[in-house]
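What follows is one structure encoded as structure tokens, with my remarks underneath.
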Amino acid sequence: MRLRSAFTAVLGAALLIAATPASASAATGQFRYDYVTIEGYEAVGFLNSPPSGECLDLPGVGQDNPEPGHSPKNRTDAWATVFTELGCEGDSFTLRPHTGGASERLKVRSVVFG
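Here the sequence shown is numbered in the working numbering, starting from 55 and rising by one per residue.
Set out below in structure tokens:
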């Protein structure tokens with residue numbers, strides 16, 4: 055009888071763990087920023103539903119482009135921390151979910167969500 059009760063308790067705990075939702079692995083929405091291409095053209099970069107907890111170097115403003123991005127807009131459901139250097143290095147600034155944004159004075163090269 056004790057074995058059956060223990061088995062039932064273990065089974066119940068396993069089902070409860072399996073039914074618990076896992077944490078989200080991606081921010082839902084879009085992150086946008088402006089930049090000037092190496093040819094001198096104005097451009098808009100964006101990340102759609104970017105992964106959370108992972109440093110992302112922003113496309114178009116990497117080592118090949120001496121000009122950083124600017125005017126970031128966070129339209130994801132996660133907090134976004136932007137950095138002035140590649141690899142999430144340098145000065146940082148945090149943008150709130152859905153409505154976070156900054157002016158062209160804020161220069162960016164990388165971001166992490168979460």
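Positions of the beta carbon are idealized from the N, C-alpha and C atoms, including for glycine.
On the DSSP letters alone, give me the boundaries of the beta strand (DSSP E) that residue i sits inside.
| i | result |
| --- | --- |
| Glu96 | Glu96 to Asn102 |
| Pro126 | Gly123 to Thr130 |
| Leu149 | Glu143 to Leu149 |
| Gly83 | Gly83 to Val90 |
| Val136 | Ala134 to Glu139 |
| Val115 | From DSSP, Val115 is part of no beta strand (DSSP E); its letter is neither H nor E. |
Among the residues of its own chain, which have a CB less than 8 Å from the CB of residue i, if the five just before and after it don't count?
| i | result |
| --- | --- |
| His152 | Gly83, Asn128, Arg129, Thr130 and Asp131 |
Of all the options the options, which has the alpha carbon lying nearest to the alpha carbon of residue i?
| i | options | result |
| --- | --- | --- |
| Gly99 | Pro113, Glu143 and Cys109 | Pro113 |
| Pro122 | Glu96, Ala80 and Ala81 | Glu96 |
| Asp88 | His124, Arg150 and Leu101 | His124 |
In angstroms with no decimal places, state the Cα-to-Cα distance between residue i and residue j.
| i | j | result |
| --- | --- | --- |
| Cys142 | Val166 | 7 Å |
| Arg159 | Val136 | 13 Å |
| Ala156 | Trp133 | 14 Å |
| Ile92 | Gln117 | 11 Å |
| Ser106 | Pro120 | 27 Å |
| Val115 | Ala80 | 22 Å |
With a threshold of 6 Å on Cβ separation, who are the neighbours of residue i within its own chain once the five nearest residues in sequence on each side are excluded?
| i | result |
| --- | --- |
| Asp111 | Leu140 and Ser164 |
| Gly94 | none |
If you measure between the beta carbons of residue i and residue j, is that distance less than 7 Å?
| i | j | result |
| --- | --- | --- |
| Pro126 | Val90 | no |
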